[in-house]
Amino acid sequence: MTVSAPLLVDGLHALAPQYKGILCDVWGVLHNGVSAFEEAHIALRRFREETGGHVVLITNAPRPAKYVAEMLTNMGVPEEAYDSIVSSGDVTREVLEAQGSKTLLHIGPDRDQPLYHNLEATFTSVDEDADAISCTGFRDDETETPDDYRERLEKLAGRNLLMICANPDIVVERGDRLVWCAGALARLYEDLGGEVAILGKPHAPIYEAGLRRLAEHAGTTIAKEDVLAIGDGLPTDIRGAVSQDIDVLFITAGIHASDFGPSEAPEEHLIRKRLIEEGLRARAAIPRLSW
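Numbering of the sequence shown is given in full-length UniProt numbering, commencing with residue 1 and proceeding in unit increments.
Put into structure tokens, the structure is as follows:
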């Protein structure tokens, strides 16, 4: 991998023979929050069929993997496209359980409640009664912005409460728009002096879990140099893969599409420039995942 030459490829087939496993992002790669990208899930299925390799989806979704799987099925992503899923929600549950007798405050939408199903933890809806914060996102990400939470987070930070952030993403695609995610609140909380434990990509635990899962499917450890990560987020997918010394295929038509010229015909020099600015590198780049 080199910063200076993130080669634009015309499909996953150009890279597939070099790898035994894939760690693939979900939101922005397999779907945009509204509809699935058919060519993307076909590409993963063909990788599995034609190389015998394994695919683990790693997602910053703040929900357990089984709920992510149900969502993908409902959107038309077939189970044949992947072996299994590791979510930020799975990793978050382990950390929340480790909080013991602490009383937790949930900041996020009701749709994220499955994260807490059968979890041995005490929750409160009163900020003043909380010992720690579990942040999964905005109550209403259609209308709210981080500034709507500034005063509340400032008070919580003043009490030195740990915020456990289940979704490090700052924004994600929803159709043709970008909406705020929990990572934006975690960033603000940290700026206000609060302590944050951010789970999911780009941090190590979710990659370690993904690599363990690949090994389970393969029946043997797969070396990092034999694994390809796929994702569209520079601060999460790309930075996370680079920090783990894993090759990465950068999906340029995701959340950074406007940075590289026409979304379906990105300009390679702009991709190189942005990667250099971010101190990152990519094995290859492609507008949308396809075979």
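Glycine residues also receive a C-beta, built at the ideal position from the N, C-alpha and C atoms.
Q | Inter-residue CB distance, A182 and G108 (contact presumed, cutoff 8 Å) | A | 7 Å
Q. Can the beta-carbon of P62 be found closer than 8 Å to that of T136?
A. yes
Q) Which value, in whole angstroms, describes the spacing of the CA atoms of E97 and L249? A) 34 Å
Q. Would you report the Cα separation of A130 and A121, rounded to the nearest angstrom?
A. 12 Å
Q | Closest residue to G100 among F123, R159 and L115 (Cα-Cα distance) | A | F123
Q) Is the segment 203 to 217 close to the segment 170 to 185, with three or more CB pairs under 8 Å? A) Touching, no, given that fewer than three Cβ pairs across the two stretches are closer than 8 Å.
Q.
According to DSSP, simplified to helix, strand and coil, what is S4?
A. Low confidence applies to S4: its pLDDT is 49, below 50, so where it sits in the model is not reliable, and the reading given next is rough at best. In this structure, S4 counts as coil in the three-state DSSP scheme.
(Q) Could you pull the DSSP bridge partners for H106 from this structure? (A) S134
Q: Please go through the same chain and pick out, in chain order, the residues whose beta-carbon is closer than 8 Å to the beta-carbon of P6, but skip the five residues on each side of it.
A: Bear in mind that the predicted position of P6 carries a pLDDT of just 48, short of 50, making it unreliable; the figure below should be weighed with that in mind. So the list reads F250, E268, I271, R272, L275, R281, A282, R283, A284 and A285, once near-sequence residues are dropped.
Q. Counting contacts by CB-CB distance shorter than 8 Å, is A69 in contact with chain C?
A. No chain C is part of this structure, which consists of one protein chain only.
Q) Looking only at C-alpha atoms, which of E79, P64, I230 and E151 sits nearest to E94? A) P64
Q: Report the residue ranges of all alpha helix (DSSP H) runs contained in full by the segment 52 to 129; include only those spanning at least 4 residues, in chain order.
A: 65 to 75 and 88 to 97
Q) For R48, which of helix, strand or coil comes out of DSSP? A) The DSSP-derived three-state label of R48 is helix.
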